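K.L.:
From first to last, the protein sequence lines stand for chains V and R. The opening position of the first sequence corresponds to residue 1 in the UniProt record's numbering, with each subsequent residue numbered one higher. The opening position of the second sequence corresponds to residue 1 in the UniProt record's numbering, with each subsequent residue numbered one higher. Quick reminder that beta carbons are idealized off the backbone N, C-alpha and C, glycines included. Just so we're clear, the structure is a prediction, and the values are computed from it rather than from any experiment. Below are the C-alpha cells for one structure; questions will follow.
Number of protein chains: 2
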Amino acid sequence: MSVQSVDRTLDILEALADQGGEAGLSEIAARTRLPYGTIHRLLQTLLARGYVRQESDRRYALGGSLVRIGEVAERLVGGWAEPYLTKMVELSGETANMAVLEGDFVVYVAQVPSPRRLRMFAEVGRRVLPHSTAVGKVLLADRADAAAVFGRTGLPRRTEHTITNVDRLLAELVTVRERGYAMDLGEEELGVHCLAVPVSDGDRVVAGMSVSGPADRISALNRDELAQGLRKIAHDFGVEAFGSGR
Amino acid sequence: MSVQSVDRTLDILEALADQGGEAGLSEIAARTRLPYGTIHRLLQTLLARGYVRQESDRRYALGGSLVRIGEVAERLVGGWAEPYLTKMVELSGETANMAVLEGDFVVYVAQVPSPRRLRMFAEVGRRVLPHSTAVGKVLLADRADAAAVFGRTGLPRRTEHTITNVDRLLAELVTVRERGYAMDLGEEELGVHCLAVPVSDGDRVVAGMSVSGPADRISALNRDELAQGLRKIAHDFGVEAFGSGR
DNA sequence: ACATCCTTTCCATAATATGGAAAAAGTCTT
DNA sequence: AAGACTTTTTCCATATTATGGAAAGGATGT
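Here it is as C-alpha cells:
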C-alpha cells in the first residue's frame, strides 16, 4: 500500500508537467480531483524546497530542484538503455540510438554503434529538428501539438526527400501512429535510412529508439518484421526504465 | 507547516541523487536518518509510479518518471533565466549565457546576445568540454570529482592558451572557488574572453552564468567589479529558480 | 463599490503514517 | 553446506498527522 500524500504530490507534479509546467490551483484541482486545501498544503511543501515555485499571478510552476534530480535520472536511464540498444544492433546489424524531445528538438541521449566498418554515427547530445528524423516523427506522433511544433520550427529542406509540406507530414504522423513505427527515407541525410519505434511510460511516448544505416542495407531488411522486433525491445525497456505505468 | 511524508520523500530522492542516482536502503537511512520501515514504505510509493526503481541487487535507483518532469522544469528555468541574462548583457555589453553540466559536458541552456554587431554566439544545446570554458571551471570548482572528470574527458588543446596540465587546472579551480568567478582567456577560442559565475540552489552549484566577447573588450572591463555585479544577478536568479535552499 | 472567481487559512477529527521488532533474504566465511 | 552477519522487508498498535469543508482573503472585471 502506498503513502497517500506522496501519491497525491506526484499527481500534482504530473498535472503541472502535463500543462507545460505551469497552472493555477483550480486547474490542478480539475486534473487531480483533490480538494483545494489539500493541494495547497502539498504545494507549500514543494514550494519550501524549490520543487515548485509561485509566479506573481499566484499560479504555480515546476521548480528548479527538479532539474538536478531529472538530470541524474536521465544519465541513469541512458545507461539502462544500452543493453536494449545492443539487442537492436544485433537484430538489425545497424547502429541503434535513443532520443528524446527537449523543447522542439530531438536530442540523442544514448547510442550503440554497429560493428560494421560502414556505420551511422550520431553524437550523443546532438540536437536535430524532428520533422526529418524517424525518432522525431515517433515522438511527435504522440503529441497533440505536433502542428504547433512544426509551426515554430519550420520544415527546412535537408535533402530532396525531406517532407516540407505540413499537411503531408501530419498525415505521415497518422500513419506512424497506426503502424507503430516511423521511417526516415533519406529525409535528414541522403543515402541514410532509419526506422524508429516509441518508448512509452505507459501513458505517453517519452523516448524513441531507432536503427539507421545505408539506405540499401536498411531497405534489404524486412521492415515490418524488424519494426515488430524493435517494438518488443523498446517495450521491455519502457517497463524497466519507466515502470508499468499507473 | 509542511507535509512530513512529502518532505521525507524528497529527502530520499535527494539522497539518491547525491549518490549518483543509486543507493541501498541502509545508505539512504544513513543520509536521511529515517527509520528503515519508513524509507521502505515511501520507496514503494515511488517505485509504483516509476520515480524510483529497484536493481537486481535490491539497491534503489532514481527512475525514468523523473526525467520528463525534470525536462519540463528545465525548459521553464531556461525561460526564467532570460531576464537575468539580459541584466548581465546590460552590465557588460556582451553576450550572456547560462550552462549546466550534463554528464561530463557543459551544455548551454539559455542565452541573451549582445546588441553589438560583433558578438559572441553559442548555440543553445551546444555541448563543450568543461576544462577550456569559464562556465565549465565554475561548475567543476564545486565538484569533489573534478579530477575524475578531467581523467575521463582528457584536456584536449583547443588553442595555444588551453590549460592542458591537470595539476595547473586543479589549482585554477581552487582559485575559482576562492575568488568566486572563472575566466576563459582564449582557452576555448582564440581572441575570445569569458567570465563566469556560479548559480547555486543553496547547497551546490547547479548552473553557471557567463558573459563573453572579444578579448580586448572583456579585458577593458574592471574584472572584479564585473564579477561582483554578475554574482549578484546570478544569486538573485538562484533564489528565484531554486528556492533559498533548506 | 460590488460581483465573481480563485486562493489561502483554519481546525475538529477521521484516517493515515509511523517505527520498533521480528521475519526474510542475501552475502561472506569457514 | 552451514552458520554468522548484514541488509531489507513485513507487520501492526497507536501516536500523530493529513484531511477537507467552510470561511476568510485576494485579484480581476464591470
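Spell out whether any CB of chain R is found under 8 angstroms from the CB atom of G136 of chain V.
P.N.:
No, no contact with chain R.
K.L.:
Once the 5 residues before and after Y108 of chain R are set aside, which same chain residues still bring their CB inside 6 angstroms of it?
P.N.:
N97, A99, A122, V124, R126
K.L.:
Where does G213 of chain V fall in DSSP's three states?
P.N.:
In the structure shown, G213 of chain V falls within a strand segment according to DSSP collapsed to helix, strand and coil.
K.L.:
Could you have a look at H193 of chain V and say whether DSSP puts it in helix, strand or coil?
P.N.:
strand
K.L.:
May I have the straight-line CA-CA distance separating R177 of chain R from F105 of chain R, to the nearest angstrom?
P.N.:
20 angstroms
K.L.:
Could you pull out every residue in the same chain whose Cβ sits closer than 7 angstroms to the Cβ of G21 of chain V, ignoring the five residues on either side in sequence?
P.N.:
A61, L62
K.L.:
Check the C-beta distance from L173 of chain R over to K137 of chain R and give it rounded, since I have them as a contact under 8 angstroms.
P.N.:
6 angstroms
K.L.:
When we look at the beta-carbon of G50 of chain R and count the other beta-carbons within 10 Å, is it buried (16 or more) or exposed?
P.N.:
buried
K.L.:
List the residues of chain R whose Cβ lies closer than 7 angstroms to the Cβ of E71 of chain V, in chain order.
P.N.:
G70, E102
K.L.:
With a cut-off of 8 angstroms, does the C-beta of A17 of chain R fall near any C-beta of chain V?
P.N.:
Yes - at least one Cβ of chain V is within 8 angstroms of the one on A17 of chain R.
K.L.:
Quick one: which chain R residues come within Cβ less than 8 angstroms of L221 of chain V?
P.N.:
Result: empty, since nearest Cβ-Cβ is about 29 angstroms, beyond 8 angstroms.
K.L.:
Would the region 14-34 of chain R and the region 22-32 of chain V be scored as touching if the rule is three or more Cβ pairs under 8 angstroms?
P.N.:
no
K.L.:
For the candidate residues R:G103, R:S114, R:P113, whose alpha-carbon lies nearest to that of A110 of chain V?
P.N.:
Minimum Cα distance to A110 of chain V is reached at R:G103.
K.L.:
Along the chain, where does the alpha helix (DSSP H) containing R31 of chain R start, and where does it finish?
P.N.:
25-32
K.L.:
Mind checking which residues open and close the alpha helix (DSSP H) that includes V45 of chain V?
P.N.:
Per the sequence shown, the amino acid found at residue 45 of chain V is Thr instead of Val. It spans 36-48 - the alpha helix (DSSP H) in which T45 of chain V sits, taken as one unbroken run.
K.L.:
Which residues in chain R sit within 8 angstroms of L42 of chain V, going by Cβ to Cβ distance?
P.N.:
By Cβ distance, chain R contributes V3, V6.
K.L.:
Below 8 angstroms on C-beta distance, what does F105 of chain V contact in chain R?
P.N.:
G125
K.L.:
Counting only Cβ pairs nearer than 7 angstroms, list the residues of chain V close to F150 of chain R.
P.N.:
The contacting residues do not exist; F150 of chain R stays about 18 angstroms from chain V at best.
K.L.:
Does chain R have any CB closer than 8 angstroms to the CB of L66 of chain V?
P.N.:
yes
K.L.:
Taking D201 of chain V as the query, report the chain R residues whose CB atoms sit under 8 angstroms from its CB, ordered along the chain.
P.N.:
Going along chain R in sequence order, the residues near D201 of chain V (Cβ under 8 angstroms) are G50, G64, S65, R68.
K.L.:
What residues of chain R sit near T45 of chain V, judged by a beta carbon separation below 7 angstroms?
P.N.:
S2, V3, V6, D7
K.L.:
Measure the Cβ-Cβ separation of V149 of chain V and R158 of chain V and say whether it is below 8 angstroms.
P.N.:
no
K.L.:
Which of the three DSSP states is assigned to F150 of chain R in this structure?
P.N.:
Under the three-state reduction of DSSP, F150 of chain R is assigned to helix.
K.L.:
Under a three-way DSSP split, which group does F105 of chain R fall into?
P.N.:
strand
K.L.:
Are the C-beta of A29 of chain V and some C-beta of chain R separated by less than 8 angstroms?
P.N.:
no
K.L.:
Using a Cβ-Cβ distance cut-off of 8 angstroms, determine whether E74 of chain V contacts chain R.
P.N.:
Output row for E74 of chain V: interface = yes.
K.L.:
Could you spell out the range, first to last residue, of the alpha helix (DSSP H) harbouring D224 of chain V?
P.N.:
223-242
K.L.:
In whole angstroms, give me the CA-to-CA distance for I12 of chain V and S65 of chain R.
P.N.:
14 angstroms
K.L.:
Could you check where the beta strand (DSSP E) with A61 of chain V kicks off and where it finishes?
P.N.:
60-62
K.L.:
Please state whether DSSP places P130 of chain V in a helix, a strand or coil.
P.N.:
Residue state, collapsed to three classes: coil.
K.L.:
For residue 248 of chain R, go through chain V and note every residue whose CB falls closer than 7 angstroms to its CB, in chain order.
P.N.:
Absent from the structure is residue 248 of chain R, since the part of chain R shown begins at 1 and ends at 246.
K.L.:
Quick check on D236 of chain R - is its C-beta less than 8 angstroms from some C-beta in chain V?
P.N.:
So, not an interface residue.
K.L.:
Can you tell me whether G154 of chain V is buried or exposed? The criterion is at least 16 other CB atoms within 10 Å of its CB, across all chains shown.
P.N.:
exposed
K.L.:
May I ask you to verify whether the region 210-219 of chain R touches the region 195-202 of chain R, counting CB pairs closer than 8 angstroms and requiring at least 3?
P.N.:
Between the region 210-219 of chain R and the region 195-202 of chain R, the count of C-beta pairs closer than 8 angstroms reaches three or more; the two stretches touch.
K.L.:
Could you give the first and the last residue of the continuous beta strand (DSSP E) run that contains M183 of chain R?
P.N.:
182-185
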